[in-house]
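Sequential numbering from 112 applies to the sequence shown in this note's numbering. For reference, the structure discussed in these notes is given below.
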Amino acid sequence: MWLIIILLFIMLFLNFPIMIVLLVPALLLMLFFTPNIDMAMFGQVMTSSIESYVLLAIPMFIFAADILVEGKTANRLLDFVKDMFGHIRGGTGIVAAATSTMFGSVSGSSQATIAAIGKPMRRRALEYGYKDSHITGLIINSAGIAILIPPSIVMIYYGMLTGTSVGDLFIAGIIPGLIIFLSFSLWEFFIAIKKDIPVEPKASWRQRWSSFKSAILTFGFPILILGGIYTGMFSPTEAAAFSVLYAALLELVIYRSIQLKDIYRIAISTGIVTSIVFILLAVGGVFSWIISYLRVPQSLTETVLSSNPSQLEILLIMSLFFLVSCMFVDSLVAIAILTPIFFPIAVTAGIPPVAIGILITMQATLGTVTPPFGVNIFTACAIFKKPYLEVVKGVIPYIIIFMVINILLICFPEIIMIYQNILGLSEGGS
112 MWLIIILLFI
122 MLFLNFPIMI
132 VLLVPALLLM
142 LFFTPNIDMA
152 MFGQVMTSSI
162 ESYVLLAIPM
172 FIFAADILVE
182 GKTANRLLDF
192 VKDMFGHIRG
202 GTGIVAAATS
212 TMFGSVSGSS
222 QATIAAIGKP
232 MRRRALEYGY
242 KDSHITGLII
252 NSAGIAILIP
262 PSIVMIYYGM
272 LTGTSVGDLF
282 IAGIIPGLII
292 FLSFSLWEFF
302 IAIKKDIPVE
312 PKASWRQRWS
322 SFKSAILTFG
332 FPILILGGIY
342 TGMFSPTEAA
352 AFSVLYAALL
362 ELVIYRSIQL
372 KDIYRIAIST
382 GIVTSIVFIL
392 LAVGGVFSWI
402 ISYLRVPQSL
412 TETVLSSNPS
422 QLEILLIMSL
432 FFLVSCMFVD
442 SLVAIAILTP
452 IFFPIAVTAG
462 IPPVAIGILI
472 TMQATLGTVT
482 PPFGVNIFTA
492 CAIFKKPYLE
502 VVKGVIPYII
512 IFMVINILLI
522 CFPEIIMIYQ
532 NILGLSEGGS
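Quick look at the structure:
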């Protein structure tokens, strides 16, 4: 198994396509260690890995995000948050963090958040004396919160793999996401005092009311998704379908920021991204199946963990594996490979599946913003047309904040489960 893992990483560094990186080790494992299994099973497992009804939510959330990025939703959110908080010390940075968090609750995509919020926010921050590396680092890391704040494709896939309630995962992700946002805001407040960064002019209450009315319909997305799921009106997949309809009505009919002919072009783009995602899910599914069949989790327990590991040991080792993997490969691929290994171990130790899912999502979030291969960094390089090393300079303080919160949640997973007390839910959720 260790030879297979070494082969996997060698292929990654040699820049093989991710699909090949997963397929070859899975085929080798099946050929050498399961000779009695019909090879037709390989294709059957790949197909069954993407048959789940809940996975239909993924292309629909991507489609909704693409429509919103094409339209004016991000600008309306940005103007509203600026008018509310731009005048306080560090307000421009807080606005960037808040708008990214709010747009994440609408789009569910960190890359879409950078694309939609990045340019106007960066331009505004530079006008008020922010260093380019500072505001770029903040945007990159704040956009990562979109993975934790529902809707989250990572949570949908984890829920499908493990049978965990996607609705519970969505609700549980809000608290860690808000903790990160508040921590970023505090950092912006103190750094603005230290560097004496100017504040933006204070908006009048008339202006605030006007920007609130302009953005109010955008707030329908989290209400639609979370409220609809938890009131039993529809499933997460149906919520995704409603989000597409809502986004289309918002941008086509109400804001009129796009035209009907644009929908076809947006749909083509969504289809391309979706095809890539589902190919990865299929090959990741067959890799997960073969390592589960070969009882790799049990072997890992014996070699990496002690014979009777504590919950903290399990969470630390699990988080480290996921973090390192998400730094090099797509988070969905890392989840497909590692979840079947660690999930049974963690559940057996008494760790709630929802807490496991949120911690895995946290590592996926960190993986998108951490050098050398954080996808948010490369997205920012492309959008801002800045060299890699210049962009990376600004991410370090925020990664440290991320890491501190990550360690806090690993040591005290009870924080994640606070949502049960707030909503009066029993373990296992709705």
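The beta carbon of each residue, even a glycine, is placed where N, CA and C say it ideally should be. Just so it is clear, the structure is predicted and the values come from calculations on it, not from any experiment.
- By the criterion of a C-beta distance shorter than 8 Å, A209 is surrounded in its chain by V192, F196, F292, S296, once the five residues flanking it on both sides are discounted.
- The residue among A352, L189, L167, I205 with its C-alpha nearest the C-alpha of F389 is L167.
- Taken through DSSP and simplified to helix, strand or coil, F345 comes out as coil.
- A359 sits in a helix when the DSSP states are folded into three classes.
- Between T247 and F495, the gap from beta carbon to beta carbon is short of 9 Å.
- Three or more pairs of CB atoms, one per stretch, sit closer than 8 Å, so the region 259–268 contacts the region 317–337.
- Considering only I178, F143, I285, M157, the residue with the shortest C-alpha distance to R376 is I178.
- Membership of G240 in any alpha helix (DSSP H) is not indicated, and neither H nor E is assigned to it by DSSP.
- Taken through DSSP and simplified to helix, strand or coil, V486 comes out as helix.
- In this structure, the beta-carbon distance from G270 to G396 does not fall below 9 Å.
- Here the alpha carbons of G278 and P463 stand approximately 15 Å from one another.
- Under the three-state reduction of DSSP, D441 is assigned to coil, being neither helix nor strand.
- Excluding five sequence positions before and after G202, the CB atoms of its chain that fall closer than 7 Å to its own CB belong to F196, V310, E311, given in chain order.
- A residue is called buried when at least 16 other Cβ atoms come within 10 angstroms of its Cβ; S386 does not meet this threshold and is exposed.
- Unbroken beta strand (DSSP E) stretches of 3 residues or longer found wholly inside the region 141–226: none.
- Just so you know, the alpha carbons of A226 and P420 end up roughly 43 Å apart.
- Comparing alpha carbon positions, the residue from F153, P498, F489, S430 closest to Q474 is S430.
- Only buried fits R233, as 16 or more other CB atoms lie within 10 angstroms of its CB.
- Look at T329 here: in three-state DSSP terms it is helix.
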